[in-house]
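Asker:
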Amino acid sequence: MRRSLTTVFSALFILVAFAPTGVGAQTFEWNSARVMALVSRATAKRDAALADSSLRSYKAQAMGYLTFLAQISEGLREPPKVIKTDQIASDIYWKAPNYSKQYIKGRRDTLLLPTDINYHRDHLGIVQNNFPEIIRLGDGDEVRDVPHPLSRAGHSEYDYAIRDSLTISFAGQSLQVYEIALRPKDSNAPRAVGAVFVERTTADVVRMALSFTRAALKQSSLEDVTVVLENGLIAGKYWLPRQQSIEIRRTASWLDYPVRGIIRGRWEISGYELNADFSIPFMGPEIMVAPGSRISPTGMVQNPSFEFEGDIMRELPPDVIAATDADVHRVQEEARALVRQRALARATNLSLGGRGASDYIGFNRTEGFALGVAGSKALGNGFSFNAGVRYGFDDERIKWSGGFSYRRASGSSVILSAYRRIGDASAIQERSGVVNSFAAQEFGSDYTSPYRVDGVSLQLKVRSLEALQTTAYLALERHDSAGLNATSTFGNFAPVLQFPRYEELRAGVKFDLSDISSVFGTRLNAGLNIEGLQGRHRDTIQSVAAPPLFPISLPVISGPVQSTVSTDKNYWLRATLTVDAEKELPFGNFVSRSFGAAIIGPSEVIPVHRLLFLGGINSAPGYEFHQLYGNYAISQRLELRFKAPFYRIPLGAFGKAPGELTLAPYVNGAWVEGQPLRPSVGLGVLTLFDILRFDVARGLRDGRWVFGVDINRSFWGLL
475 MRRSLTTVFS ALFILVAFAP TGVGAQTFEW NSARVMALVS RATAKRDAAL
525 ADSSLRSYKA QAMGYLTFLA QISEGLREPP KVIKTDQIAS DIYWKAPNYS
575 KQYIKGRRDT LLLPTDINYH RDHLGIVQNN FPEIIRLGDG DEVRDVPHPL
625 SRAGHSEYDY AIRDSLTISF AGQSLQVYEI ALRPKDSNAP RAVGAVFVER
675 TTADVVRMAL SFTRAALKQS SLEDVTVVLE NGLIAGKYWL PRQQSIEIRR
725 TASWLDYPVR GIIRGRWEIS GYELNADFSI PFMGPEIMVA PGSRISPTGM
775 VQNPSFEFEG DIMRELPPDV IAATDADVHR VQEEARALVR QRALARATNL
825 SLGGRGASDY IGFNRTEGFA LGVAGSKALG NGFSFNAGVR YGFDDERIKW
875 SGGFSYRRAS GSSVILSAYR RIGDASAIQE RSGVVNSFAA QEFGSDYTSP
925 YRVDGVSLQL KVRSLEALQT TAYLALERHD SAGLNATSTF GNFAPVLQFP
975 RYEELRAGVK FDLSDISSVF GTRLNAGLNI EGLQGRHRDT IQSVAAPPLF
1025 PISLPVISGP VQSTVSTDKN YWLRATLTVD AEKELPFGNF VSRSFGAAII
1075 GPSEVIPVHR LLFLGGINSA PGYEFHQLYG NYAISQRLEL RFKAPFYRIP
1125 LGAFGKAPGE LTLAPYVNGA WVEGQPLRPS VGLGVLTLFD ILRFDVARGL
1175 RDGRWVFGVD INRSFWGLL
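Residue numbering for the sequence shown follows the working numbering, starting at 475 and increasing by one per position.
#1: Name the DSSP bridge partner or partners of Y893?
#2: Say whether the segment 520-531 touches the segment 627-645, bearing in mind that this needs 3 or more beta-carbon pairs closer than 8 angstroms, one atom from each stretch.
#3: Should the segment 664-684 be called in touch with the segment 633-645, which here means at least 3 C-beta pairs below 8 angstroms?
#4: Exposed or buried, which one is G745 when buried takes at least 16 other CB atoms within 10 Å?
#5: What span of residues does the beta strand (DSSP E) with V1170 cover, start to end?
#6: So for F1064, helix, strand or coil by DSSP?
#7: Measuring straight from C-alpha to C-alpha, what distance separates V941 and A1000?
#8: With the cut-off set at 8 angstroms, would you say F1116 and G1062 are in Cβ contact?
#9: Nearest CA to the CA of D869: which residue from F917, G1177 and P924?
#10: Leaving aside the five residues before and after Q943 along the sequence, list all residues of the same chain whose C-beta is less than 6 angstroms from its C-beta, in chain order.
#11: Have a look at Q933 and A899 and give me their C-alpha separation to the nearest angstrom.
#12: Between the alpha carbons of S850 and T725, how many angstroms are there, rounded?
#13: Pick from G995, P974, G1006 and T963: whose alpha carbon is nearest that of V983?
#14: Report yes if the C-beta distance between I736 and E616 is below 8 angstroms; otherwise report no.
#15: Where do the ends of the beta strand (DSSP E) carrying S900 lie?
#16: Kindly list the residues whose CB is nearer than 7 angstroms to the CB of D420, restricted to its own chain and excluding five residues on each side of it in sequence; keep chain order.
#17: Quick check on DSSP: helix, strand or coil for M537?
#18: Using DSSP bridges, identify the partner residues of Y976.
#19: Could you tell me how far apart the beta carbons of G995 and K1057 are, in whole angstroms, since I believe they sit closer than 8 angstroms?
#20: Are there three or more Cβ pairs, one per stretch, closer than 8 angstroms when the segment 862-877 is compared with the segment 838-847?
#21: Out of R894, G885, V888 and S887, which has the shortest C-alpha to C-alpha gap to G876?
#22: In chain order, what residues of the same chain lie with their CB nearer than 6 angstroms to the CB of Q776, ignoring the 5 residues before and after it?
#23: DSSP three-state call for E781: helix, strand or coil?
#24: So the candidates are N1142, F686 and S919; which of them puts its Cα closest to the Cα of T961?
#25: If we ignore side chains and look at the alpha-carbon of each, how far apart do V509 and V680 end up?
#26: Give me, in chain order, the residues of the same chain whose beta-carbon lies closer than 8 angstroms to that of F964; leave out the 5 immediate sequence neighbours on both sides.
#27: With which residues is W504 paired in a DSSP beta bridge?
#28: Near V1079, what residues of its chain come up, given a Cβ to Cβ distance below 6 angstroms and the 5 sequence neighbours on each side ignored?
#29: Can you tell me which of A968, D560 and L971 puts its alpha carbon nearest to the alpha carbon of R738?
#30: Taking the alpha carbon of R657 as the reference point, which residue from W504, K558 and F967 has its own alpha carbon closest?
#31: Tell me, to the nearest whole angstrom, how far the beta carbon of G1182 is from that of I1074; I am working on the premise that it is less than 8 angstroms.
#32: I need the DSSP call for F1087, collapsed to helix, strand or coil.
#33: Quick one: what's got a C-beta closer than 6 angstroms to W741's C-beta in the same chain, skipping five residues either side?
#34: Output the boundary residues of the beta strand (DSSP E) element that contains E704.
#35: Cβ atoms of P715 and L703: under 8 angstroms apart, would you say?
#36: State the Cα-Cα distance for the pair L1174 and L543, rounded to the nearest angstrom.
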């Protein structure tokens, strides 16, 4: 068996190490005479436009949206959540040769999650000159000293290629343009990456979509910065700003759990008055609050002569909340490839490496109070090392983990790990880690089924599509019963699962599909895990019935749970499918959560901790924890969420919580092999930015009333 394991491990490593980094990568003819002539014409036309003496001045109106979003999920696969949105109205002025002024006459916001985010001043305005010879963003703190790709100095710093010929339509105009892709000659220097769009006959610059190399980003937390500037033809002669967008992504790790903050801005400029006479001072900051306006303590701007129309969230353009335009996404991917390759090539200092808060501090009925620490270190060239240790004060045992990983810029990785840890026999997680620790310590309510695990594993992760991650894995483990060692403050713990020592060889493949919108406008997240298991017990026990293995008074399913335990090898196939769907309706959101699992194999020798257990506020609300168990299990929840008025809770510097809460009535059905369907009805209440959830539910077949409080499921991985 050792030879077969070595062969599989080697094959998996070769697969990821030499897999192609992309699919269908395009090739272009870089720096051809044709494209260089077009770039020179576009540069000359841009210089001429800046020097055009017939345009003395202009005034226009700008309406903008600044949105702060957060993405908190393993692998950052969940869609970003809107935290705060600002709507800004400004009067913009320009005067030859290159004076500009922007007066903010109105600013309002809506806070959807607590934050004290502040924007750089130039996030509150537009770019009026298509950038000068040198590009700067964020007052020079985000992007600084990048040569403009359509400047004389920039010609020697970039490669150019004609990627496509296409038509751009806006405001009743259709323009034939060339898309010119650009890349830096030196990707380690502060440079731009992306594309410029020039009119085919006149070489006027119609659009620029730019991102930047790692060296151009001045802060280590910046993941990427993307800017799109679109011009419109005004009075049939002048190409002036028409639409602009900016996206700034910062990524950090909280306990090695990825957290991404996104600032997304979108501006529409209209109402141009050319060569208008106005007398305003151009001294001081370019972006200022309009004279006569009142500024609130939270930075909002009110002006007697201006008032916003409609509700800010209804006025927000869809592409500000959801994904960016396809061309921006493409620019970001090209820039990220350069950034990832650069980041993977260098070593870094040791950093925290736990999966969530519960890896560092927690409480359960086996370990009691437990403390842990974990760290990771990038070794360079895509390799990294991680290690962790955890100690339970009641079981007096040290748990540990360690391993090496190799990652490619494409996102593929190989992870080799060894570990001694506490496993959980639950088919569905019933609570967040932090809430379960509190409930276990205070009330003796531990909604995990712990057992001991020693093992080694190898994982191969490949992101074949943007929304699909495929993980192949192989694990060799030894399992053993965990003792009941802890005591709680006010309650008594139920006994833990008891079974003889067990060895298992497990191989499987897992597919995770994230944030897919179907033709019906429903957002889907799905996971499919198929694994084959070869296992045997180290000891022999004859005629072990269900109660000693799971010593709680439970209804007995048809067929024995465990009649005979032998040391012979046995084989099983286990498949698990989860599908979460959400659809927006005119009056709220419809949410569906589906779980189905099956174990195929000789049922009389399936280890008790490998059965499918349901029961709890998520899998079967209104029924006892893990009351239902068997070889086949299904849980289905249908939930309707809608807003209801509520008191606006003041949060000091963070603003105020919205004056509403979310009501979520639901029905649930749970079924396991050989037992009748267990239906439930319940009501969830989400408040405090939908972070905190209260539940009351009733099991309709031999069930009871239950109450629960927890953190929103989106944050469970973090806790």
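Think of the CB as a built atom: it goes at the ideal place given N, C-alpha and C, for glycine as much as any other residue.
Answerer: According to the structure data:
#1: For Y893, which the question treats as bridged, DSSP gives the partners S875 and G929.
#2: Judged by Cβ distances under 8 angstroms, the segment 520-531 makes no contact with the segment 627-645, as fewer than three pairs qualify.
#3: Counting Cβ pairs under 8 angstroms, three or more are found: they touch.
#4: G745 should be labelled exposed.
#5: Start and end: L1166 to G1173.
#6: Strand, per DSSP.
#7: In the sequence as displayed, the identity of residue 941 is Ala instead of Val. Cα-Cα distance, rounded: 10 angstroms.
#8: For F1116 and G1062, yes; Cβs fall inside 8 angstroms.
#9: Nearest option by C-alpha distance: P924.
#10: The residues are R937 and D986.
#11: Distance from the CA atom of Q933 to the CA atom of A899, rounded to whole angstroms, is 21 angstroms.
#12: Answer to the nearest angstrom: the Cα atoms are 17 angstroms apart.
#13: Of the candidates G995, P974, G1006 and T963, G1006 places its Cα closest to the Cα of V983.
#14: In this structure, I736 keeps its C-beta atom at 8 angstroms or more from the C-beta atom of E616.
#15: Per DSSP, S900 belongs to no beta strand (DSSP E) and is neither H nor E.
#16: No statement about residue 420 is possible, as the shown extent of the chain runs from 475 to 1193 and does not include it.
#17: Strand, per DSSP.
#18: H953 and H1011.
#19: The pair is a contact, with the Cβ atoms about 6 angstroms apart (cut-off 8 angstroms).
#20: Yes: at least three Cβ pairs fall under 8 angstroms.
#21: Comparing Cα positions, the closest option is R894.
#22: Excluding sequence positions up to five before and after Q776, its CB lies within less than 6 angstroms of the CB of R768, all in the same chain and listed in chain order.
#23: Three-state result, E781: coil.
#24: Nearest option by C-alpha distance: S919.
#25: The C-alpha of V509 lies about 17 angstroms from the C-alpha of V680.
#26: If we look at F964 and ignore the five residues flanking it on each side, its Cβ neighbours are E916, F917 and G918.
#27: Per DSSP, W504 has no beta bridge partner at all.
#28: Contacts found: N1044.
#29: A check of alpha carbon separations from R738 across A968, D560 and L971 identifies D560 as the nearest.
#30: It is W504 whose Cα lies nearest to the Cα of R657.
#31: Contact doesn't hold; Cβ gap of about 33 angstroms is too wide.
#32: Annotated three-state conformation of F1087 is strand, per DSSP.
#33: Result list for W741: A536, G538, I600 and Q718, in chain order.
#34: Counting along the chain, the beta strand (DSSP E) containing E704 begins and ends at L696 to I708.
#35: The answer is yes: Cβ separation under 8 angstroms.
#36: As the crow flies, the alpha-carbon of L1174 is around 40 angstroms from that of L543.
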